[in-house]
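Below you'll find the structure, written out as structure tokens, and then a few comments.
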Amino acid sequence: QRKLRFSVPENRLRVYDVREIINTIADKDSVLELRPHFGVGMITAFIRVEGQPMGLIANDPTHLSGAIDSDGADKAARFMQLCDAFDLPIVSLVDCPGIMVGPEIEKTALVRHASRVFVTCTSLTVPLFAFVLRKGYGLGAQAMTGGGFKASAFTVTWPTGEFGGMGLEGAVKLGYRKELEAIEDTEARKEEYEKRVAQMYNRGKAVNFATAFEIDEVIDPKDTRHWIMAGFKSTPKPVPREGKKRPFIDTW
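Be aware that the sequence shown starts at 14, since it is given in the numbering used here, and climbs by one per residue.
Here it is as structure tokens:
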């Protein structure tokens with residue numbers, strides 16, 4: 014598990030393979046990924062941790078930097094319904110800059126699809142354990158944590174976590190647009206922009222964000238399995254029932 018400490022590069026602009034992290038956290042040869050070629054920015058899989066079956070959702074930073082698009086939202090919402098129907102706890106690995114934006118993506122009825130994740134989360138009766146690996150921005154990160162950082166059974170972050178209302182670069186361009194436009198020299202403008210981004214990044218770093226008690230803890234990545242099992246053992250067992258739990262599971 015110690016290699017998890019080096020799974021996410023310190024350089025926040027470098028990408029990594031989240032599937033390698035999933036395979037490290039889960040028991041050996043226990044990962045069963047579902048629908049890998051649909052909604053490729055969202056990974057859904059059944060895993061085992063210390064022999065216990067669970068569901069897992071994760072953002073794939075190699076696709077849209079981990080942002081949630083319409084297909085990814087549908088994929089996550091249906092998978093969470095499936096886990097809930099069979100009383101499987103959900104592990105969420107978060108690296109999300111938000112819900113995707115732009116004219117083309119909004120033609121796919123993005124708001125309607127993304128809302129399905131939040132609606133599904135409100136009906137979950139199984140615990141959701143959220144781990145922020147890097148980016149925890151905007152409504153996208155809220156969706157990945159069950160509707161909010163305090164909606165999950167717990168939300169913890171690796172030291173590489175970074176938080177904010179939206180992606181840092183976009184926030185600086187929008188929030189300081191007039192200040193940046195007032196700088197005529199191109200190099201000076203770029204320097205000011207990078208300084209503003211660095212300031213926002215420092216404020217949103219995991220160790221600083223945690224002091225506001227918006228998340229539960231900053232953890233050593235090698236303790237991820239321990240946190241999953243601690244959450245699992247602290248959750249009441251499902252109540253025995255004779256009938257089906259959910260009236261239906263979405264068909265797509």
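Note that the Cβ used here is the ideal one computed from N, Cα and C, for glycine as well.
Linking Ser128 to Ile81 through their CA atoms gives a straight-line distance of about 11 Å.
For Ile262, the three-state secondary structure derived from DSSP is coil. At least 8 Å separates the beta-carbon of Gly115 from that of Phe92. The C-alpha of Gly178 is placed about 20 Å away from the C-alpha of Ile118. A check of alpha carbon separations from Gly256 across Asp87, Ala98, Ala71, Met55 identifies Ala98 as the nearest. Cβ neighbours of Asp229 within its own chain (closer than 7 Å, five residues either side excluded): Phe167, Thr168, Val169. No Cβ-Cβ contact shorter than 8 Å links Tyr189 with Arg216. For Asn72, the enclosing beta strand (DSSP E) begins and ends at 65-72. Around the beta carbon of Pro102, a 10 Å sphere encloses 16 or more other beta carbons of the protein chains shown; the residue is thus reported as buried.
Ranking Ala211, Ile241, Phe176 by CA distance to the CA of Asp40 puts Ile241 first.
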